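Here is the structure we will look at, set down as structure tokens.
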Amino acid sequence: MRRSHYFLPTLKETPAEAEVVSHQLMLRAGMVRQASAGIYSWLPMGYTVLKKIEQIVREEQNEAGAQEVLMPTIQSADLWKQSGRYDDYGKEMLRIEDRHGREMLYGPTNEELITEIFRTSVRSYRDLPRMLYHIQWKFRDEVRPRFGVMRGREFLMKDNYSFDVDFDGAKAAYNKMFVAYLRTFARMGMKAIPMEAESGPIGGDMSHEFIVLADTGESEVFCDREFLDYDVLGSGVDYEDAGRVQDVVDHFTTLYARTDDKHDAAEFEGQVPEARRYHGRGIEVGHIFYFGTKYSEPLGAKVTTQDGGEMAVHMGSYGIGVSRMPAAIIEASHDEKGIIWPEAVAPFHVGLINLRAGDADCDAACEDAYAKLCGARVDTLYDDREERPGVKFAETDLIGLPWQLIVGPRGLKAGTVELKCRATGETEEVSLDSALARLTA
Numbered sequence: 315m316r317r318s319h320y321f322l323p324t325l326k327e328t329p330a331e332a333e334v335v336s337h338q339l340m341l342r343a344g345m346v347r348q349a350s351a352g353i354y355s356w357l358p359m360g361y362t363v364l365k366k367i368e369q370i371v372r373e374e375q376n377e378a379g380a381q382e383v384l385m386p387t388i389q390s391a392d393l394w395k396q397s398g399r400y401d402d403y404g405k406e407m408l409r410i411e412d413r414h415g416r417e418m419l420y421g422p423t424n425e426e427l428i429t430e431i432f433r434t435s436v437r438s439y440r441d442l443p444r445m446l447y448h449i450q451w452k453f454r455d456e457v458r459p460r461f462g463v464m465r466g467r468e469f470l471m472k473d474n475y476s477f478d479v480d481f482d483g484a485k486a487a488y489n490k491m492f493v494a495y496l497r498t499f500a501r502m503g504m505k506a507i508p509m510e511a512e513s514g515p516i517g518g519d520m521s522h523e524f525i526v527l528a529d530t531g532e533s534e535v536f537c538d539r540e541f542l543d544y545d546v547l548g549s550g551v552d553y554e555d556a557g558r559v560q561d562v563v564d565h566f567t568t569l570y571a572r573t574d575d576k577h578d579a580a581e582f583e584g585q586v587p588e589a590r591r592y593h594g595r596g597i598e599v600g601h602i603f604y605f606g607t608k609y610s611e612p613l614g615a616k617v618t619t620q621d622g623g624e625m626a627v628h629m630g631s632y633g634i635g636v637s638r639m640p641a642a643i644i645e646a647s648h649d650e651k652g653i654i655w656p657e658a659v660a661p662f663h664v665g666l667i668n669l670r671a672g673d674a675d676c677d678a679a680c681e682d683a684y685a686k687l688c689g690a691r692v693d694t695l696y697d698d699r700e701e702r703p704g705v706k707f708a709e710t711d712l713i714g715l716p717w718q719l720i721v722g723p724r725g726l727k728a729g730t731v732e733l734k735c736r737a738t739g740e741t742e743e744v745s746l747d748s749a750l751a752r753l754t755a
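Its first residue numbered 315, the sequence shown is counted upward by one per residue in this note's numbering.
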């Protein structure tokens with residue numbers, strides 16, 4: 315994409331309403347714009363990042379055996395009344411009425427609707443287990459939306475729901491999602507630590523929230539540093555090998571990891587050697603629950619059993635805040651100049667900077683480089699504008715692309731260009747062919 319054609323409304327100054335780093339940088343980098351309190355439009359750069367995150371989530375869900383569906387944003391109030399949550403949910407739920415006087419709601423979550431889909435579609439234990447997920451927009455009328463997309467009213471969620479005949483089957487599904495979550499966040503360049511969590515009104519006795527470490531995080535966390543050294547992606551995972559999946563879960567659940575609301579100082583000091591103790595802050599990006607028959611019982615989601623009887627299915631719920639992830643990644647990966655995107659989710663892989671647009675040699679070299687990068691399917695943002703070099707450098711650092719390929723008249727005379735790694739700040743002078751070979755490898 316040529317920068318002269320790209321819709322990227324960057325800002326030089328930090329908007330006064332932006333309280334946290336991610337909100338500041340997402341506004342300054344032209345990723346989002348606020349439509350109303352807690353509701354945002356996603357502009358091209360932000361939307362590209364969002365779709366890349368969504369695709370990683372989708373691939374890992376599919377790999378674990380889940381199947382994608384799409385449920386509507388607007389739901390009937392009747393199902394929520396059957397489950398008993400319609401009145402309990404409170405003012406966060408946006409209640410509406412259609413033209414026929416029917417009570418509806420903008421879904422804050424989907425346990426009721428997916429249970430109804432299952433109830434009307436599955437009759438026998440032979441059709442289990444099943445895991446169904448969707449990636450859909452939600453709405454919760456937060457009393458005080460803040461921190462940009464980190465705590466908005468409208469947000470994109472991945473919700474997965476498992477259906478099993480008994481607790482053992484439900485635990486196996488829970489374990490698969492536990493491992494899938496570790497892999498999902500690792501692929502985004504993040505260290506996400508599973509921590510024991512309260513189930514709250516969802517119910518059940520198994521619950522973990524996944525926390526990405528960030529100095530500006532909303533939660534205070536205490537954990538064993540061994541979490542940070544474990545290579546989740548070092549070897550593949552066979553989700554049909556229940557023993558291997560259980561081994562990974564056991565490794566993480568035997569290590570100490572708590573947020574401040576469940577932290578026990580004496581237990582922490584007793585379990586974890588001083589050199590391995592980590593105390594910092596983090597951001598919740600995912601939450602998994604087992605809640606048994608909490609929804610299947612009142613909504614009648616039952617299957618016939620092997621002996622001819624009937625039983626309510628055991629269910630679990632597994633959420634990832636997809637639209638929260640860009641902000642979480644920025645909180646964990648930035649510096650004083652701007653965002654530092656991990657390669658897997660970066661909107662472009664390379665920022666190609668023409669230091670003197672209009673110079674015949676610079677234009678020719680950049681056009682050649684741009685054609686070769688695009689031909690190799692390397693996502694490239696080519697800054698072809700007639701702007702001062704300082705403006706181009708500042709913007710490219712702000713938007714955080716992993717690599718910068720800098721072409722100027724002085725370097726070309728010497729037969730070199732500059733190749734800069736955004737994460738380390740290291741710059742090398744190499745030939746253009748050498749730079750292109752590395753970027754297209």
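No residue lacks a Cβ here, since even glycine has one placed at the ideal position from N, Cα and C.
Given the structure is predicted, the values throughout are model-derived calculations rather than measurements.
Under the three-state reduction of DSSP, Leu-442 is assigned to coil, being neither helix nor strand. For Ile-597 against Gly-550, the beta-carbon gap comes to about 28 Å, at or over 8 Å, which does not count as contact. Judged by DSSP secondary structure, Arg-465 falls outside any alpha helix (DSSP H); it is assigned neither H nor E. Thr-710 is positioned such that its CB atom lies closer than 8 Å to that of Gly-665. Between the alpha carbons of Tyr-361 and Asp-621 lies a gap of roughly 51 Å.
By the neighbour-count criterion, in which 16 or more other beta carbons inside 10 Å mark a residue as buried, Pro-587 falls on the exposed side.
Per the Cβ contact rule, the segment 661 to 678 is not in contact with the segment 633 to 648 (fewer than 3 Cβ pairs under 8 Å). Using a 10 angstroms sphere on the CB of Cys-688, the tally of other CB atoms stays under 16, which defines it as exposed.
Per DSSP, the beta bridge partners of Gly-652 are Asp-649. Phe-662: not part of any beta strand (DSSP E); DSSP gives it neither H nor E.
Minimum Cα-Cα distance from Ser-355 among the listed residues His-628, Asp-545, Asp-480, Ser-637 corresponds to Ser-637. The segment 554 to 562 makes no contact with the segment 617 to 634, as fewer than three CB pairs between them are under 8 Å. For Arg-437, no beta strand (DSSP E) encloses it, and the DSSP letter there is neither H nor E. Going by C-alpha positions, Tyr-475 is about 8 Å away from Glu-425. Exclusion of the five residues before and after Tyr-604 leaves Ala-484, Tyr-488, Gly-518, Met-520, Gly-630 as the residues of its chain whose Cβ lies within less than 6 Å of its Cβ. The residues Leu-666, Thr-694, Tyr-696, in chain order, have a CB closer than 7 Å to that of Tyr-684 in the same chain once the five nearest residues on each side in sequence are set aside.
Secondary structure of Met-359 (DSSP, three-state): helix. Partner residues in the beta bridge of Tyr-447, as assigned by DSSP, are Glu-382, Asn-474.
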